[in-house]
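Following: one structure in structure tokens, then a few remarks.
Numbering (our numbering), first residue to last: 2 to 224.
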């Protein structure tokens with residue numbers, strides 16, 4: 002899937018974004034109901050190409066496969082996983098905004114290595130975290146104040162993560178439960194809801210980000 006038909010893929014992104022505007026979440030198939038897989042993170046990503054095949058190419062282009070394939074002894078990771086559609090939309094945004102003498106990103110291998118590394122370094126926490134490990138909290142939308150939750154170190158930075166249960170019919174904390182992540186010191190200033198949590202493998206955990214996760218804003222400070 003590395004070579005991309007831009008017109009068809011653009012249409013897919015537009016449809017996906019349009020559908021995402023009608024709901025607060027998108028479901029990502031984890032492959033198993035209980036989300037536990039007897040394999041490495043790398044093997045899991047390969048088993049779900051509809052969501053992760055461009056992610057695999059991004060990891061390879063960054064030279065960071067060792068974090069995912071179990072070849073680093075005793076290394077556990079938590080990957081706030083960016084999916085195919087987010088990567089594709091970043092590439093399309095780049096190609097629209099590129100200067101006349103700039104290089105197009107028509108396939109994932111066209112993305113500069115340092116950009117791929119930067120993305121992954123913001124989204125990998127070098128320890129194993131499940132939803133139960135993340136405290137309750139919130140992020141005030143008007144002030145950006147972080148309430149409870151916890152700040153975790155990534156490979157190159159840190160992020161604020163928290164769990165939050167919505168109200169239901171005016172009854173406090175009886176509604177939908179969610180895991181959220183907010184990236185520090187980046188231009189991605191949104192509180193990002195995880196759409197599929199606790200995908201557990203032998204060497205790590207994946208929490209899948211929304212198809213609408215904005216990589217363009219994330220990389221804008223470096224590219």
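From the three backbone atoms N, C-alpha and C, an ideal C-beta is built for every residue, glycine too.
Check your understanding: Cβ atoms of residue 149 and residue 138: under 8 Å apart, would you say?
Key -> yes
Check your understanding: In its own chain, which residues sit with a C-beta less than 6 Å from the C-beta of residue 55, not counting the 5 before and 5 after it?
Key -> 85, 88 and 109
Point to revise | Where the beta strand (DSSP E) containing residue 194 begins and where it ends | key: 193-202
Check your understanding: How many angstroms separate the CA atom of residue 212 from the CA atom of residue 75?
Key -> Answer to the nearest angstrom: the Cα atoms are 31 Å apart.
Check your understanding: Under 8 Å between the Cβ atoms of residue 210 and residue 36?
Key -> no
Check your understanding: When the Cα atoms are used, what is the spatial distance from residue 151 to residue 101?
Key -> 44 Å
Check your understanding: For residue 216 versus residue 91, is the C-beta spacing smaller than 8 Å?
Key -> yes
**Study point:** residue 90: first and last residue of the uninterrupted beta strand (DSSP E) it sits in
**Key:** Residue 90 -> not in any beta strand (DSSP E); alpha helix (DSSP H) instead, spanning 85-98.
Check your understanding: Which residue from 79, 49 and 61 puts its Cα closest to that of residue 130?
Key -> 79
Review point. Can you give the beta carbon distance from residue 124 to residue 164, rounded, assuming they're within the 8 Å contact cut?
Key: At roughly 18 Å, the Cβ-Cβ gap does not stay under 8 Å, so residue 124 and residue 164 are not in contact.
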